Every structure is written in C-alpha cells, then in structure tokens.
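Visitor: What follows is a single structure, and I will ask about it in a moment.
2 protein chains.
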Amino acid sequence: MAAQQRQVTLTEVARAAGVSTATASRAINGSSRRVSEDIAARVKRTAEELGYLPNLSAQTVAKGASPTVAVLLSDIADPYFSAIASGIMAGASEAALMVTMAASERSGARELQMLRTFRSQHPRAIIVAGSRDEENTHSPEVTAALRAYAETGGRVVVISQGPSPFDLVDIQNHDGARKLAHALLDRGGAHFGVVSGRVTLHTNADRINGFRTGLAERGHTLADDAIVEAEFTRDGGYVGMQELLARREDLGAPLDTVFVTSDMMAFGAATAIRDHGLSVGADISLAGFDNVGLTQDVTPAMTSVEIPLHEVGRSAVRMALGSGTEPAHLAVQTHVVLRASTPQR
Amino acid sequence: MAAQQRQVTLTEVARAAGVSTATASRAINGSSRRVSEDIAARVKRTAEELGYLPNLSAQTVAKGASPTVAVLLSDIADPYFSAIASGIMAGASEAALMVTMAASERSGARELQMLRTFRSQHPRAIIVAGSRDEENTHSPEVTAALRAYAETGGRVVVISQGPSPFDLVDIQNHDGARKLAHALLDRGGAHFGVVSGRVTLHTNADRINGFRTGLAERGHTLADDAIVEAEFTRDGGYVGMQELLARREDLGAPLDTVFVTSDMMAFGAATAIRDHGLSVGADISLAGFDNVGLTQDVTPAMTSVEIPLHEVGRSAVRMALGSGTEPAHLAVQTHVVLRASTPQR
DNA sequence: AAGTTCTAGGAAAACGCTTACCTTGTGACC
DNA sequence: GGTCACAAGGTAAGCGTTTTCCTAGAACTT
Chain R
1 MAAQQRQVTL
11 TEVARAAGVS
21 TATASRAING
31 SSRRVSEDIA
41 ARVKRTAEEL
51 GYLPNLSAQT
61 VAKGASPTVA
71 VLLSDIADPY
81 FSAIASGIMA
91 GASEAALMVT
101 MAASERSGAR
111 ELQMLRTFRS
121 QHPRAIIVAG
131 SRDEENTHSP
141 EVTAALRAYA
151 ETGGRVVVIS
161 QGPSPFDLVD
171 IQNHDGARKL
181 AHALLDRGGA
191 HFGVVSGRVT
201 LHTNADRING
211 FRTGLAERGH
221 TLADDAIVEA
231 EFTRDGGYVG
241 MQELLARRED
251 LGAPLDTVFV
261 TSDMMAFGAA
271 TAIRDHGLSV
281 GADISLAGFD
291 NVGLTQDVTP
301 AMTSVEIPLH
311 EVGRSAVRMA
321 LGSGTEPAHL
331 AVQTHVVLRA
341 STPQR
Chain V
1 MAAQQRQVTL
11 TEVARAAGVS
21 TATASRAING
31 SSRRVSEDIA
41 ARVKRTAEEL
51 GYLPNLSAQT
61 VAKGASPTVA
71 VLLSDIADPY
81 FSAIASGIMA
91 GASEAALMVT
101 MAASERSGAR
111 ELQMLRTFRS
121 QHPRAIIVAG
131 SRDEENTHSP
141 EVTAALRAYA
151 ETGGRVVVIS
161 QGPSPFDLVD
171 IQNHDGARKL
181 AHALLDRGGA
191 HFGVVSGRVT
201 LHTNADRING
211 FRTGLAERGH
221 TLADDAIVEA
231 EFTRDGGYVG
241 MQELLARRED
251 LGAPLDTVFV
261 TSDMMAFGAA
271 TAIRDHGLSV
281 GADISLAGFD
291 NVGLTQDVTP
301 AMTSVEIPLH
311 EVGRSAVRMA
321 LGSGTEPAHL
331 AVQTHVVLRA
341 STPQR
C-alpha cells in the first residue's frame, strides 16, 4: 500500500497561488467578501490542480455548524421509513446538505444514545421520523435532548408525532383512516375488525380513532373486542390476524372487513387469512395503511391509504431550513386508494 | 424562542473542575495517558453536571479522521439497498461509528459529486453499494476518486461489483443464478426466458451468465432473443415482461419459465403476466433474485435467490474496520428459495 | 543520599478552516 | 488637490479539540 499521503490544505493552495489563506478561503468558498476575478480564477485553478478538497470538519469548527441534516428513524429496512429517508436525501441534496442517519431499532435507550451523538455533530437540523414505539410522543429524556439541541440553535423537525413543541410534518392519519372507513362502507362492509400495532402509539391510536370516527359518522360502531393489538411488523400482522379470526369465531361474530394499521402488517395478515383457509377479498376485505409501493403487486392488490412519503421527507428538510421563528406545522394530506382486496360486496 | 445558548466546551469543563484542558480531554476521552482516579472522576462529574457534549468536528480536526462511515448507494427506497443500509447501520452502531449516507439516484455525475463530499468528511471508510448502473465496474472518475481517498488512508469497501482493487463484499450472483437454473430444471421447466436490467451491468450480466451456465450444465440453452433488457425497476420489469411475451408470441416460440434478475422487476413482471391474461405459476413460472422480504407475501409467493443483505451490510463495516494491509475479499453465498411461483410442471 | 526512572499534571502548539480587523491603493467628489 | 469612501488584499485571532513537550515530584535504584 502506498505511503499514506496527506490531504492538500487550503494553506498549501494559498501558498501555491501566492495569496493569503484568507483570500484563498474567500475565493474558493465565496463569503460575503468579494475577490477580484483574476485572483479568484487563479486560486480556483491552483486548487483544482492540487486536488484540494475542503476539510468539512475544519469548516464546521470554524463556522460553528455543519452542513448536515441528522435523521433518526426506527428501522431503515421498513419501506415506510426508507421512503421517507429517500425524500429526505433528495431534499438534502437539493440544499447541498449531507445526511447522517441512525436507526433506533425501536429502543428508547438507543434513540437517546443516537441523539447524543447527533448533537455532538452540530447538524443544521435533526429530523425524527416515527419512533413509533415511544408511548405518546417522546420519552421525557428524548424531548429534553431535543429541546437542549434546539436551544443551541438547532432545528428539530418531527415527522408524524401528532402535536409537538417542534417543527412538525403532520401526517393526517386520523383523517385518512376516517375516509377509509367511509370508502369501505360504500363497498358494502358491515362487520369490521382492526389489527393494530400497539395502541399506545400515537400513529396507531390516530388510525384506529379515525377509523372509528368514520364508522360512527355513518352510524356504525366498532366493538372493542374487534380490535387486536400486535407487533408493528409483518409477523405481528400475521399473529394479530390469527388472533382476530380466532376471537371472532369463538364469539360466533361475523367479520367481513379488516383494517390493518400498516401495510407491512397487512401483508402478514393476508397470509394469515389464507393460511386460515379463507380468501382475501372474497371472504375478508382487507385494507392497509401507508400505500407502500408493493401494495399494487400483491394479489389481490391491497387497498391502502396513501401517504406521500417521499414528499414528507423533502418537506421535512425544507422546513428544517426555513427561517421561521415559530415552530412550523405542515399537514400532509392522505388519501384512500381502493384496490381488489376490498371488492364491492 | 430562547436566546441562543452556547454549547458547553471542554475548556469550560476543565476550568470548572480546576484542571487543564489537557487533563480534561484525557479524563473524558481516555487517551494512552493515564489520569488519576480522583481527578478523572471529578472531571467526569463536572462534565455531566454542565451537560458537556464533545464537539465531534473539533475532535475530527484534531485527530485527522472522523468516527464515521460514509455510504453511497443508488436508491434507499429500493428494498435491496435499504436492507444493506440496515446492516451497515447495525454494524456501525456496534463499532460506535456514525453513518452518513447519500443516494446517487443512478446518476454518475451525482455519484462523483457525493464522493467528493464524502472525502471532505474524512470518514473512516467509504462503502459503495451497488451503483449498479455504472458500466462494468465504476467509471474511471469514480475509481480515481476512491483511489485518491484510499491513498490518504481511507478504506474503501465495495459491495457486489465483481473484481475490485478495493475491499470487496462479493455477492455470489453467478453461482446463485446457476443454482436457480438447476432448481427450475428440476421443477420441469423447459422453455426459458429472462428479463434483465441493463446487461452491461456486472450484477445483471453475472446473473444471466450464471443462469445460462446452469442451463448449459444440463444440456439446455438459452436463446439470445429470449433475453429482454429493461429498466432495473418495477416498471422496467413490467415493460420487459410485456416485450418478452410479445416476442415469444411473434415467433410462436413456447415459454414456460422466466427468470427476472431482480425481485423488484419480478413484481412488475408478475403484474404484466396477469395483465396479459396469463397466470403466474400455472402458465408461466416466475423467479426473481434478491429474496426481498415481500417475496413470500405476494401471490403466488415468489421463488427467488436469497442474499443475506443485512449480513452483507454488517460485513462491509467490519471489513472497513479490519486492519488488513491487503484488499480483503469476502464471498457471500446465495441460495435458492423455491416458492409457489415456480410449481412442479 | 545521590542519582535515575516513572508518573501525572500543565502549557502551548498543532489541526484546517473562517472572519474581524487592519492596511493600502484607488477613484469620486467638491 | 485634498479628503473620503470604498474595495480588495493580508494578519492574526479565533473555533474546540488532541497531543507533544515540559516539569516537578514520587518511587526506585545503588
């Protein structure tokens, strides 16, 4: 391996171009101060020749903030989060920002730990997506950490956590589920069930309540024992649906339409329905939430509620860059996408 | 909004604890030099009380390298990449490293641009996953940038690009496709077709060649006009399959088994088969590659070739941290997972 | 008891930048 | 033609760390 070479520094470029480091800095980076055309050109050329690359950390130390957005999410392998992440990266790239990312893996301790690390980095903004496994909003520790960060001039954007003292990209879960209830009623649904992730989580609670509200508006009710709680994962959906089916059978209660609070869970639920000897669509109408890309590729294609996740991500970045002094709120509309898994009955 | 507060610095902690910054640094960070028990404890307590957080950028400037792994991938919304990213984040977290990530969105120019930014950051390693839209391996510019980075002491890990002058996590595409061919022959397949992403890409070429090799080993051949090239996306899979079906019909040639070089494309392909009035499984056996989580949730469940993507990601990080002087190679085995989309015929 | 080696703390020089402040030269203005 | 304003370059003081020297005392040697 070649002897380890040192990086070219600004000082070296400056010397090579015969100017001061101040001038070199201004020429290459363009501050508020002007540099004459010819000198600027010469410096830039020299930098190019020498293969100069600015040292981002040094710039960060000198300026006090790093051109970075930090993203905290639960699990990047989940399409929900990866779609958001994709939008965030697009937004960041538009704004010439880097993205540093960490996954809490649904552990509060890790979430706190990652937040500490983020703060050490002095990013322009911290974007918290989901952390849908925290009770209510955030744990007090997390909120405290975020607040401390905000007080040192950082910007916090929260995605999807309902009310928040910080900037908020507010996904209309409640309203989406409400509209879904209407749509399912229109399709002739009469006996409803719900499989949900932990109901202590805002996201799930909103979706359930929205669904219930939607039913109520048309004079229908949702029995409490028709709601099954399970892990917020594919396998959770499988297990939850198994239980729902078993419960209804024990009670001899009819069931024709099931709302699962996320597509990932719904995919598992669909398999459970089939393993139970029933057919998705014909026997049980099944609807998910999030409208993940593959909802249209499973058979039958899955009815879901679309969240423009990519846009959510981009909006989060733009919001993070906004200069607003007040915590901003952005309501992101959701809408129902009906497919074959909920046929007219 | 509260007046912007300044961050607590090491110097302030040192003064508060009545020691020099040198001692404070050693106490909190633990260098090779020892600090006496009592003083160390006092400093740590003070730091805690003041809410001190190290400034990562300052540390990076002082030490010359940042505790960071930079990840370059094509598109985080693609489950293939998000699974790898998930593994990388897990590995990074185990090693107490941060992750900065960027998506090239399948543009060579952007890839180069991101690489520049990465280099500016002085990460411990740069991991390049896929960039499956570069001809052959990488463009010369990209290779040059990576080499320049390696020469300044950085570590480059490439995932899945076939031979490489850098550390390599080598996914056994060829071998996996070969084994898949055998398995499909065992199931009675006789008339084969392939829908692939651009064949100039290593990944696709390997998979096609492996498949062809597998067929050849049993005395079967794959007609050149039975290979359709399309975009490496879900929609590409749809279009590619449409074309394959049309071509075969024009020629009056039989077709019973199709290998699509990625699951994402295969999902699109399945829809195309149905839209064509045929049934996946009964009429056309369909197999993908990657064994993305949802292969088992679509109907019929999709035969695929499993790549332990999460492990690939973790391995990449461990490799990046390895002290080996020679570029290391790690072959990651793939294996066939047969499902209902390729029934016995 | 005098020399020698450790030990653990501190002072100050990096690290690679930005920027406040100073300096000089130019043209505008009356 | 002298005063001013301004433009454009340079000097040097930071930014928050780490780390290289120093130094003074303690703990061994003989």
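So the protein sequences, as listed, match chains R and V. Throughout the first sequence, residue numbering follows my numbering, covering 1 to 345 in sequence. Throughout the second sequence, residue numbering follows my numbering, covering 1 to 345 in sequence. Heads up, the beta-carbon is just placed ideally off N, CA and C, and yes, glycines get one too. Being a predicted model, the structure only gives us computed values, none of them experimental.
1. Nearest-angstrom Cα distance between V/His122 and V/Gly154?
2. Using the three-state DSSP reduction, which class does R/Gly91 fall into: helix, strand or coil?
3. For V/Asn55, go through chain R and note every residue whose CB falls closer than 8 Å to its CB, in chain order.
4. Using a C-beta cutoff of 8 Å, does R/Phe166 count as contacting chain V?
5. Would the beta-carbon of V/Val194 fall within 8 Å of that of V/Ala226?
6. Out of curiosity, what's the CA-to-CA distance linking V/Leu185 and V/Ser107?
7. Where does V/Leu53 sit, in a helix, a strand or coil, going by DSSP?
8. Can you list, in chain order, the residues of its chain whose CB lies under 7 Å from that of R/Gly188, leaving out five sequence neighbours each side?
9. Could you give the distance in angstroms between the alpha-carbon of R/Arg248 and the alpha-carbon of V/Thr303?
10. Closer than 7 Å between beta carbons: that is the criterion. Which residues of the stretch 106 to 120 of chain V meet it against chain R?
11. In whole angstroms, give me the CA-to-CA distance for V/Phe211 and V/Ser285.
12. What's the C-alpha gap between R/Ala231 and R/Gly197?
13. How many Å lie between V/Gln7 and V/His138 at the Cα?
14. Cβ closer than 7 Å: which chain V residues qualify as neighbours of R/Phe267?
15. CB-CB under 6 Å to R/Leu115, same chain, minus the five flanking residues each way: which ones, in chain order?
16. Residues of chain V with CB closer than 9 Å to the CB of R/Ser66, please, in chain order.
17. Considering only residues of the same chain and omitting the five flanking positions on each side of V/Ala246, which have a CB-CB separation below 7 Å?
18. Please work out which residues of its chain come closer than 7 Å, Cβ to Cβ, to V/Val19, disregarding the five sequence neighbours upstream and downstream, and give them in chain order.
19. Run the CB neighbour count on V/Ala47, radius 10 Å, all protein chains shown included, and call it buried at 16 or more, exposed below.
20. Would V/Arg347 and V/Thr68 be called neighbours here (beta carbons separated by less than 8 Å)?
21. Would you kindly work out how many angstroms separate the C-alpha atoms of R/Ala27 and R/Leu97, rounded to a whole number?
22. On the CB-based measure, 16 or more other CB atoms within 10 Å of its CB, does V/Thr203 come out buried or exposed?
23. Can you check whether the C-beta of V/Met241 is within less than 8 Å of a C-beta belonging to chain R?
24. Decide if R/Pro79 is buried, meaning its Cβ has at least 16 other Cβ atoms within 10 Å, or exposed.
25. Can you tell me the Cα-Cα spacing of V/Glu49 and R/Ala181, whole angstroms?
26. Whole angstroms are fine: how far does the CA of R/Val280 sit from the CA of R/Pro300?
27. What are the start and end residues of the beta strand (DSSP E) that includes R/Asp170?
28. R/Glu229 by DSSP, collapsed to three states: which one?
29. Should R/Ala216 be labelled buried (16 or more other beta-carbon atoms within 10 Å of its own) or exposed?
30. Who are the neighbours of R/Asp275 on chain V, taking C-beta pairs under 8 Å?
31. Assign R/Lys179 to one of two classes, buried (16 or more other C-beta atoms within 10 Å of its C-beta) or exposed (fewer than that).
32. Is there a Cβ of chain R sitting closer than 8 Å to that of V/Asn136, yes or no?
33. Residues of chain V with CB under 8 Å from R/Gly51, in chain order?
34. Looking at the secondary structure, which residues open and close the alpha helix (DSSP H) in which V/Met114 lies?
35. Does DSSP put R/Ala58 in a helix, a strand or coil?
36. Cα-Cα, which of R/Thr100, R/Ser86, R/Val142 is closest to R/Arg110?
Guide: If we stick to the structure as given:
1. Computed Cα separation, rounded: 8 Å.
2. helix
3. Val61, Ser120, His122
4. no
5. Yes, they are a contact pair.
6. 38 Å
7. coil
8. Short of 7 Å from the beta carbon of R/Gly188, and not among the five residues preceding or following it, lie these beta carbons of its own chain, in chain order: Gln344, Arg345.
9. 34 Å
10. Arg116, Thr117, Arg119, Ser120
11. Taking the straight line joining both Cα atoms gives about 15 Å.
12. Residue identity check: residue 231 of chain R is Glu in the sequence provided, not Ala. Straight-line Cα distance between these residues: approximately 5 Å.
13. 43 Å
14. Leu294, Asp297
15. Ala145
16. Going along chain V in sequence order, the residues near R/Ser66 (Cβ under 9 Å) are Leu56, Ser57.
17. none
18. Ile39, Val43
19. buried
20. Given that chain V is displayed from residue 1 to residue 345, the structure contains no residue 347 of chain V and the question cannot be resolved.
21. 21 Å
22. buried
23. no
24. buried
25. Going by the C-alpha atoms only, they are around 52 Å apart.
26. Using only the alpha carbons, I get a separation of about 7 Å.
27. 167 to 171
28. strand
29. exposed
30. Under the 8 Å cutoff, chain V gives no residues; its nearest Cβ is about 12 Å from R/Asp275.
31. buried
32. Low per-residue confidence applies at V/Asn136: pLDDT is 49, beneath 50, and the placement is therefore not dependable enough to give any value.
33. Ala148
34. 108 to 121
35. helix
36. R/Val142
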